[in-house]
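Visitor: Got a structure here, written out as structure tokens. Questions coming.
Protein chains: 2
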Amino acid sequence: MVNQERLWQRLMALGEIGKQPSGGITRLSFTAEERAAKNLVRQWMIEAGLAVREDAVGNLIGRREGRDAGAAVVLAGSHLDSVLNGGNFDGPLGALSAVEAMQCMNEAGVQTDRPIEVIAFTDEEGARFRFGMIGSRALAGTLTLDELEATDSDGVRILDAMRQAGLNPAKISEAARSKGSVHAYVEVHIEQGKVLEQAGLPVGVVTGLAGPLWLKFTIIGQASHAGTTPMSMRHDALVGAAEILQVIEHETRKEERTVGTVGQFSVFPGGVNIIPGRVEFTLDLRDVDADTRQNVELRIRQQARQICDARGLALDVQVLQDIDPVHCSVDIQNTVYEACAALGLKAIPVVSGAGHDCMQLRDLCPVGMIFVRSKDGVSHHPDEWSSPEDCAAGAAVLYHTLLKLATV
Amino acid sequence: MVNQERLWQRLMALGEIGKQPSGGITRLSFTAEERAAKNLVRQWMIEAGLAVREDAVGNLIGRREGRDAGAAVVLAGSHLDSVLNGGNFDGPLGALSAVEAMQCMNEAGVQTDRPIEVIAFTDEEGARFRFGMIGSRALAGTLTLDELEATDSDGVRILDAMRQAGLNPAKISEAARSKGSVHAYVEVHIEQGKVLEQAGLPVGVVTGLAGPLWLKFTIIGQASHAGTTPMSMRHDALVGAAEILQVIEHETRKEERTVGTVGQFSVFPGGVNIIPGRVEFTLDLRDVDADTRQNVELRIRQQARQICDARGLALDVQVLQDIDPVHCSVDIQNTVYEACAALGLKAIPVVSGAGHDCMQLRDLCPVGMIFVRSKDGVSHHPDEWSSPEDCAAGAAVLYHTLLKLATV
């Protein structure tokens, strides 16, 4: 049904943009690499017969008309940005699967009732500004100008990066879709876990997504000379932070599915012979169960406070992002199962530990996701991999799912 | 005897170069700030009647002839570079005290047998290249071209930085002094500790210096997605490093005087939602007793290895610098006590937890140091402070010490 070779060649071609010496991919939002990726996908959208535009926040959109141009649209897509030194499938597979499904519909001369739009969302990962899902927030109408004040590691605000990319931040509300105008959103994505691999299945039907809470810890101690300050007189921000990291590991391990990750970690002033006076780090905490996540968060905060008090350190904890777990639409799940059945594919329910753009759309429309098997469960890493066959299976399931969702 | 006001004004004027918004000072080696500082001190050397030159490694030298121009020279000085966001006294006090002593000798029309040279050494702190005491190593003839391959955080080698500063790395051997050509080296420096403050005394006589060992730890794990990798399947380099930091604190605290500091700490790839795959950090370990320091080092290395093995992490430990503790010349100590007595100052013996340029000169000539009281023992920090009276006391003790040492 879908053209496996075409899909694979496009994935590989896209993977050349932002490729690092390590083999990993770095395509941060509003950079030349992200721009080049969108330009390339735009070409393929045109090849697929779609009407292409970009909205006020830079979301790349390719539209295929339905019989009823005024009907609520079916959206399908993903994102093209990556984390630092990430992989080739996280994001691109969803966008290119949707392009492939559209191209196949045109090749087969299929007509749908509803229009279908393929979308490549701007900045899903949040790797640059520690604030992700910018494009889907704008589409949902929840993105605020205040949030665009967030800065990257060079101090550049999202606002400024948008302007440099030719966008007008004052117009972000124009990217918002009205309630009722979107019938459904469906996304193909690699699983980034090992459940499908262990089950020996190419695709899975997502039941829900764990909500990521992002906290930023700032610990202030006293910078001082490494040679002349006795251990007993120190207020070493780094040693305090290290103790908190042990607590995070300990408390998350008590729960079955909670995961906690400190990914950004900076030490100041950063001299070999200076006791650190300040440490800043982020915590990414997730669970599919909101109560469990909150309990772990509270235990970490409480012990972090105790550690800092005992060491004479000041502690500040800011919430960078707090997203509740999301449940996928049961109707869409059933449609995906039917699509799998039509293709002779066995599929099982899976949960997502990762966040995805659909979380931002939860109040706009029903959402659903199709997972594709990941090799060794690895992602956000150059070794991220899904086979050509599995990628094509995901696109084929999406094709049938979209056909059904676009039928009134 | 010395001009307290002049010395203080010069300290304050020099403190304007490299001043940060925080009030701290950043003057890294081979930068415009360090150049400006040397140019200013050069002017004051000329005012003090010294013949000024810079040697092949950029050491700034002001010479005052003795009756016997061929006699072994007495050296006195310190350095002008600083750590990141450091203080105004660490280094400058020693260089400017020596300039002040020379200017007073000229004003008093005093003649000495031996020539005296004031020296401002290049890059004592090692803040830029994690490799310090470059000027004193060159003077001692121990600096090698290999060592100049060390790089700063931008990847610039010492070699390249020297060339950009107009120096020829191939000629560093020309900065070396021959055995017998230097009669003694004396340095005034702030204590950077609280012993003198607690004793209520302005100056102290240094008996020895703790040797700094600098190690670089590299821990390699597996970068992976923060949301989809269960805690039990992680090889998180940062959590392993945090556990090693706890060991460092625990093992150093077992000893009376050992201090261990992790000052530089970098986490890769550094995304909020990526499990760290690599961590690099430095350890600065010191004790005045060489055996104690070595025992602590071995215990830390052993436990770090066990932690990494248990977590499936690779560990590499490199020695960046390994300096044995140094004992100051008893003859110079006695000369300093006599100088204090002549000034009516009570002085006590002190040890240095910090490293200083004299450590590099140990095999070239007898070395000695005069410590000046530090407020709250703080240094390598904007709050670093010694009073105008105490600074002048240090310069006066240096004056008398140099007079005696320069007499055959």
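Protein chains in written order, with my numbering: chain X, 10 to 417; chain C, 10 to 417. For every residue, glycine included, the Cβ atom is placed at its ideal position computed from N, Cα and C.
Quick check: the Cα distance between L324/C and P221/C, rounded to an integer number of angstroms?
Guide: Cα to Cα, L324/C sits roughly 22 Å from P221/C.
Visitor: If we cut at 8 Å on Cβ distances, does P221/C have a partner in chain X?
Guide: At least one chain X Cβ lies under 8 Å of P221/C.
Visitor: Tell me the residue span of the alpha helix (DSSP H) that contains P101/C.
Guide: 101 to 117 is the extent of the alpha helix (DSSP H) around P101/C.
Visitor: Quick one: Cα of Q273/C to Cα of A363/C, how far?
Guide: If you take the alpha carbons of Q273/C and A363/C, they lie about 17 Å apart.
Visitor: Considering only the beta carbon of each residue, do S106/C and V197/C sit closer than 8 Å?
Guide: Cβ distance < 8 Å, so S106/C and V197/C count as in contact.
Visitor: Going by DSSP, what residue range makes up the alpha helix (DSSP H) through S145/C?
Guide: S145/C -> alpha helix (DSSP H) spans 143 to 149.
Visitor: Once the 5 residues before and after K28/C are set aside, which same chain residues still bring their CB inside 7 Å of it?
Guide: For K28/C, where only same-chain residues beyond five positions count, the Cβ hits under 7 Å are I34.
Visitor: Going by DSSP, what residue range makes up the beta strand (DSSP E) through V328/C?
Guide: Here the beta strand (DSSP E) through V328/C covers 323 to 331.
Visitor: Comparing alpha-carbon positions, which option in L148/C, Y346/C, M171/C lies nearest E158/C?
Guide: Residue M171/C is the option with its Cα nearest to E158/C.
Visitor: In terms of residues, what are the limits of the alpha helix (DSSP H) holding E347/C?
Guide: Looking at the DSSP string, the run of the alpha helix (DSSP H) that includes E347/C is 339 to 352.
Visitor: Whose C-alpha, out of G95/C, V127/C, T121/C, N97/C, is nearest the C-alpha of E109/C?
Guide: The candidate whose alpha carbon is nearest that of E109/C is V127/C.
Visitor: Taking E306/C and L294/C to be in contact with their CB atoms under 8 Å, please state how far apart those CB atoms are, rounded to whole angstroms.
Guide: With 8 Å as the limit, E306/C and L294/C qualify as a contact, their Cβ atoms being about 6 Å apart.
Visitor: If we count Cβ pairs, one from each stretch, closer than 8 Å, do we get three or more for the region 260 to 276 of chain X versus the region 278 to 288 of chain C?
Guide: Counting Cβ pairs under 8 Å, three or more are found: they touch.
Visitor: Would you decide whether A299/X is buried or exposed? Buried here means 16 or more other CB atoms lie within 10 Å of its CB.
Guide: Result: exposed.
Visitor: Counting only Cβ pairs nearer than 8 Å, list the residues of chain C close to P285/X.
Guide: Here the neighbours are V271, G272, F274.
Visitor: Please name the residue, chosen from H390/X, L89/X, L414/X, that lies closest to E42/X on a Cα-to-Cα basis.
Guide: Closest by alpha carbon: L89/X.
Visitor: Listed in chain order, which residues of the region 303 to 318 of chain C have Cβ atoms closer than 9 Å to some Cβ of chain X?
Guide: Cβ contacts with chain X: none found.
Visitor: Please report how far the alpha carbon of R243/X lies from the alpha carbon of P211/C, in whole angstroms.
Guide: Roughly 24 Å between the two C-alpha positions.
Visitor: With a threshold of 16 other CB atoms inside 10 Å of the CB of S471/C, please say whether the residue is buried or exposed.
Guide: Residue 471/C lies beyond the stretch modelled for chain C, which goes from 10 to 417, so this question has no answer here.
Visitor: Which whole-angstrom value describes the C-beta separation of A193/X and N68/X, a residue pair presumed to lie in contact below a C-beta threshold of 8 Å?
Guide: Their Cβ separation, rounded to whole angstroms, is 17 Å, which puts A193/X and N68/X out of contact at 8 Å.
Visitor: Does any CB atom of chain X fall closer than 8 Å to the CB of G386/C?
Guide: At least one chain X Cβ lies under 8 Å of G386/C.
Visitor: At the level of alpha carbons, what is the spacing between F290/X and A136/X?
Guide: Those two C-alpha atoms are separated by around 14 Å.
Visitor: Pull out every residue of the region 84 to 98 of chain X whose Cβ sits closer than 7 Å to any Cβ of chain C, in chain order.
Guide: For the region 84 to 98 of chain X, which is checked against every Cβ of chain C, the residues closer than 7 Å are V92, L93, N94.
Visitor: Please name the residue or residues paired with Y194/C in a DSSP beta bridge.
Guide: DSSP, once it has assigned bridges, lists L84/C, V376/C as partnering Y194/C.
Visitor: In chain order, what residues of the same chain lie with their CB nearer than 6 Å to the CB of I143/X, ignoring the 5 residues before and after it?
Guide: T131, D132, listed in sequence order.
Visitor: Which residue from V387/C, K203/C, I167/C, S395/C puts its Cα closest to that of F39/C?
Guide: Closest by alpha carbon: I167/C.
Visitor: What's the call for G95/X, buried or exposed, on a 16-neighbour Cβ count within 10 Å?
Guide: When all chains shown are included, G95/X counts as buried.
Visitor: Contact criterion: CB-CB distance below 8 Å. Does P239/X meet it with respect to chain C?
Guide: So, interface residue.
Visitor: Give the DSSP bridge partners of W223/X, in chain order.
Guide: Answer is D293/X, Q330/X.
Visitor: Can you check whether the C-beta of P278/C is within less than 8 Å of a C-beta belonging to chain X?
Guide: True, the Cβ-Cβ gap to chain X drops below 8 Å.
Visitor: Should A136/X be flagged as near chain C, meaning a C-beta pair shorter than 8 Å?
Guide: A136/X counts as touching chain C.
Visitor: Mind pulling the chain X residues with CB within less than 9 Å of T416/C?
Guide: Per Cβ cutoff of 9 Å: no residues; T416/C is ~33 Å from chain X at best.
Visitor: From the beta carbon of E252/X, is the nearest beta carbon of chain C less than 8 Å away?
Guide: Yes, E252/X lies at the interface with chain C (some Cβ there is under 8 Å from its Cβ).
Visitor: Report the neighbours of H390/X on chain C: residues whose CB is nearer than 7 Å to its CB, in chain order.
Guide: The answer, in chain order, is A232, S233.
Visitor: So who's on the other strand from P358/C, going by DSSP bridges?
Guide: P358/C is bridged to V214/C.
Visitor: Applying a beta-carbon distance threshold of less than 7 Å, which residues of chain X neighbour V248/C?
Guide: Result: L254, E258.
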